[in-house]
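A quick write-up on the structure given underneath.
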C-alpha cells in the first residue's frame, strides 16, 4: 500500500557526486544471504516485526503516526544511583558537573571529560527541558580527573581547556592532545609526564558545523599504531530535507593522518555515527549510529555495525540496507527527490539493531575480565516515539567478533516515571578503565562508575 507523506514537497537535484564516485570505487561490504540489489518497499503492515538484534523485521513506514514524547529531567535524589546487575555496584565518580558528554582515558590513567551541549536558538522549551537540569550555554571545556585509589570516585579535578566549540572527541598521540570541536579538529602540545596541555591550539582539519537536532558531536578514535585518526560527523538534517548540497562532508566517518593530511572518506551514508571502538578479535572498527525520525514508533532502528572501508550505509535514501525511504521514493506523489541507483544498489545492511529512536550514542567493548566480553552501548533515550525507550546502557554479547542474541539491560533505573515522562538522567558515553566502567550522564550532570563487587 502506498503511504501518504505529510512532508515537504520540493524536489532536490543535488546528490553529492563526490561521495557517489568515492563509494562506487570503494568496497561495499559483504552481502548477507538475504541481500539483493533490489530496493525494498515496506508496505505490509501485518508483518511480524523485530527492531532488535540480528534478525530484523521492520514495520512499514507510517504504520503508526510519528509522535513526540519529550522526557523531563528531574535529577537524582540524594545518593540514589542507576541500577547495575548483581555482582556490580554503582558510585558517583563525579557530581555537580556541567553537561559531561564524552570521556577519554589516557595511558597514565587520567580521565579527560568533554563538557558541552546542544545550542539552538529558539528551541522548544519542552525539548530543552529534556536535555539538562539547567538551561545554560554549552560550557565548552575539558576537565581532567584522577582516581588515585581506584575506588571509582575521583580524587582530583582540574579544568585543562576552555573556550572550545562544543568539544566531544579527544585523543592523545605522542606529544599532542587532540580535540574534536564541532567545527574543527585541533591539537594542543601535551606533556605525557605531567599530563598538562600547553600553548595554543593548531587547527588540523576544518569540519562542517551546524545542523539538525544533536548532530554537532564529532568523535575521535585511532588505529592500533596511531598512524590514522578516524572522525565521525553526523548529518546536517533528518533526511536531507534542506538539500543535499548542505550535506557535503556530513553523515560519514573520515580517515586522516595525525597531521591532517591524506583525508579520505572511510565510510558514508551513516546518519549520525557517534560512538566508535575497535573489536579486539577482528581489529575492526565499529560505530553506533542514530537513525532517522518521523517514520513511526518502531522504525528505523538505531544500530551498531562493523565499518566497512569504502562502505555506503544508505542515508538518506535507504535504511537498513535497501529499504527505500518513502521520502526519497518517486512512487510517492510527495517526495524530496529520487534516490540515485549508484548508491542504493550498494547500501550495506548494518550488523545489529538497537531499537528505534533509542539514541544509541556511546559504544565501548569490554577491556577487562570483570565485564562480560562484548559491546556496551549508552542509550540517551527517545523523543520521537509515543513511549520512552532507551535511557539505559545495554550489553550486546559477541562471539568470534560478531554480535549475537538480543541486547541485555546492564545499567538501568534512569526512568523515574514513565507515565509522567520523568527521568533522573540520560546516559551518553561508555568507557572502561582497567578497574571499572564509566558512564557520562549529561542530563543530570554526573559521571557514574560501575565496579565489580569486592570478593
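In my numbering, the protein residues as written are 8 to 462.
Note that beta-carbon positions come from the ideal geometry of N, C-alpha and C, so glycine has one too.
What you are looking at is a predicted structure, and each value in this text was computed from that prediction instead of being measured.
Burial of residue 329 is indicated by the presence of at least 16 other C-beta atoms within 10 angstroms of its C-beta. Within a 10 Å sphere around the beta-carbon of residue 386 sit 16 or more other beta-carbons, which makes this residue buried.
DSSP, reduced to helix, strand and coil, places residue 358 outside both helices and strands of the structure shown, so it counts as coil. Around the Cβ of residue 411, a 10 Å sphere holds fewer than 16 other Cβ atoms; the residue is exposed.
Around the beta carbon of residue 282, 16 or more other beta carbons lie within 10 angstroms, which makes this residue buried.
Proximity to residue 106 across 373, 243, 149 peaks at 149, based on C-alpha coordinates.
The C-alpha of residue 113 lies about 15 angstroms from the C-alpha of residue 157. At the C-beta level, residue 306 and residue 66 come within 7 angstroms of one another. By the Cβ-count criterion, residue 166 is exposed, with fewer than 16 other Cβ atoms from all chains shown falling within 10 Å of its own Cβ. Residue state for residue 363 is assigned as strand, using DSSP reduced to three classes.
Cβ-Cβ separation between residue 294 and residue 370: approximately 7 angstroms, consistent with a contact (criterion under 8 angstroms). Residues of the same chain with a CB within less than 6 angstroms of the CB of residue 322, apart from the 5 flanking positions on each side, are 258, 276, 278 in chain order.
Membership of residue 351 in any beta strand (DSSP E) is not indicated; the residue belongs instead to the alpha helix (DSSP H) covering 348-351.
The Cβ-Cβ distance between residue 402 and residue 381 falls below 7 angstroms. At a Cβ-Cβ threshold of 7 angstroms, residue 274 and residue 291 do not count as neighbours. For residue 148, the enclosing beta strand (DSSP E) starts and ends at 148-153.
Looking only at 108, 334, 94, 70, the smallest Cα-Cα distance to residue 247 is reached by 334.
Nearest in C-alpha terms to residue 452, of all of 462, 431, 209, is 431.
Three or more pairs of CB atoms, one per stretch, sit closer than 8 angstroms, so the segment 223-236 contacts the segment 183-190. Per DSSP, reduced to three states, the secondary structure at residue 460 is coil, with no helix or strand assignment.
Taking C-beta atoms as the reference points, residue 271 and residue 223 fail to come closer than 7 angstroms.
Residue 384 sits away from residue 373, with the two beta carbons spaced by 7 angstroms or more.
Under the three-state reduction of DSSP output, residue 433 falls in the coil class, being neither helix nor strand. Between residue 460 and residue 96, the C-beta spacing is below 7 angstroms.
Within the DSSP secondary-structure output, residue 419 pairs in a beta bridge with 90. By the neighbour-count definition (other C-beta atoms within 10 Å, threshold 16), residue 240 is a buried residue. Residue burial annotation: residue 208 is buried, with at least 16 other C-beta atoms found within 10 angstroms of its C-beta.
Taking 7 angstroms as the cut-off, the beta carbon of residue 418 is found no closer than this to the beta carbon of residue 438. Going by DSSP, residue 108 is part of the beta strand (DSSP E) stretching over 107-112. Cβ neighbours of residue 89 within its own chain (closer than 7 angstroms, five residues either side excluded): 97, 418, 419, 420, 421, 455. At a Cβ-Cβ threshold of 7 angstroms, residue 147 and residue 123 count as neighbours. Comparing C-alpha distances from residue 162 to each of 396, 116, 70, 436 shows the shortest one belongs to 116. In this structure, the CA atom of residue 447 is about 6 angstroms from the CA atom of residue 108.
Secondary structure of residue 284 (DSSP, three-state): strand. Remark: C-beta atoms of residue 286 and residue 176 do not approach each other more closely than 7 angstroms.
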